[in-house]
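The sequence shown begins at 1 in full-length UniProt numbering and counts up by one.
No residue lacks a Cβ here, since even glycine has one placed at the ideal position from N, Cα and C.
Quick caveat: nothing in here was measured; it's all calculated off a predicted structure.
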Amino acid sequence: MIEFSNATFRFGDKLVIDRFTDLIETGEHVAITGESGAGKSTLLNSIVGLAIPREGSIVVDGLAVVPEHIRKIRTLVGWLPQEVQLPYDTVLEMLQAPYKYKANRQQKFDRQRYEEAVERLGLPTTILGKPMQKISGGERQRMLIISALLQGRKILLMDEPTSALDHTNTQRFIEYLSQLHDTTIVTVTHDTQLAESMHRQITLNKL
1 MIEFSNATFR
11 FGDKLVIDRF
21 TDLIETGEHV
31 AITGESGAGK
41 STLLNSIVGL
51 AIPREGSIVV
61 DGLAVVPEHI
71 RKIRTLVGWL
81 PQEVQLPYDT
91 VLEMLQAPYK
101 YKANRQQKFD
111 RQRYEEAVER
121 LGLPTTILGK
131 PMQKISGGER
141 QRMLIISALL
151 QGRKILLMDE
161 PTSALDHTNT
171 QRFIEYLSQL
181 HDTTIVTVTH
191 DTQLAESMHR
201 QITLNKL
């Protein structure tokens, strides 16, 4: 469960989001939509403490998003930001990397699960051995999606996850998400196809 109570965000003197209140239930799939500059990514980032409201509060799985709880909250969240730096030689190395982090050390990398996910998103399993520089933008995006999905977190946050996908691969992705009944999903998107597949939409307006 993610609860926003009168959350207000400013950048300098500019008011971006004013007294936003909403309750995202456990297992709910929600799209954050709206025009550019309306604060969509700010709202998403605030769930993991990357944006802090000037007023109001945010609670994630019973934990207030405050400095002393942020590390714990991040262990609950799979995160796919819009811009990702990938300093890895191969696709397999990129997928294995999160399991080296302290928050994931109790989990083990299961190659079979990743191969199954790769096939479900329309790619050959041989892609795991490819150099990162040899895969396309759409392939790269699908591998990032798989990495976020298969860490088994209670909450999945995504910022424009289908931006590099064509219609067919977006549909494959949507079908995959639809089976994640126990995962709370919040995604920022301009993609009507993805937004309409969610349980509901939160639309932000530029102030």
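Here M158 is bridged, per DSSP, to L80, T187.
Beta-bridge annotation (DSSP): T203 is paired with T33. Q201 is classed as exposed because its beta carbon has fewer than 16 other beta carbons within 10 Å across all chains shown. In the structure shown, P131 falls within a strand segment according to DSSP collapsed to helix, strand and coil. Look at V118 here: in three-state DSSP terms it is helix. Spatial neighbours of T33 in its own chain (CB-CB distance under 6 Å, excluding positions within 5 residues in sequence) are listed in chain order as A195, Q201, T203.
Within the same chain, G27 come within 8 Å of H181 by CB-CB distance, once the 5 residues on both sides are set aside. A direct Cα-to-Cα measurement between V91 and Y114 gives close to 11 Å.
For A7, the pairing in a beta bridge is given by DSSP as F20. For P98, the closest of E116, F9, W79 by C-alpha to C-alpha distance is W79. For S57, the three-state secondary structure derived from DSSP is strand.
When rounded, the separation of the alpha-carbon atoms in D61 and M1 is 5 Å. Sorting Q151, Y88, G49 by C-alpha distance to the C-alpha of H69 places G49 at the top.
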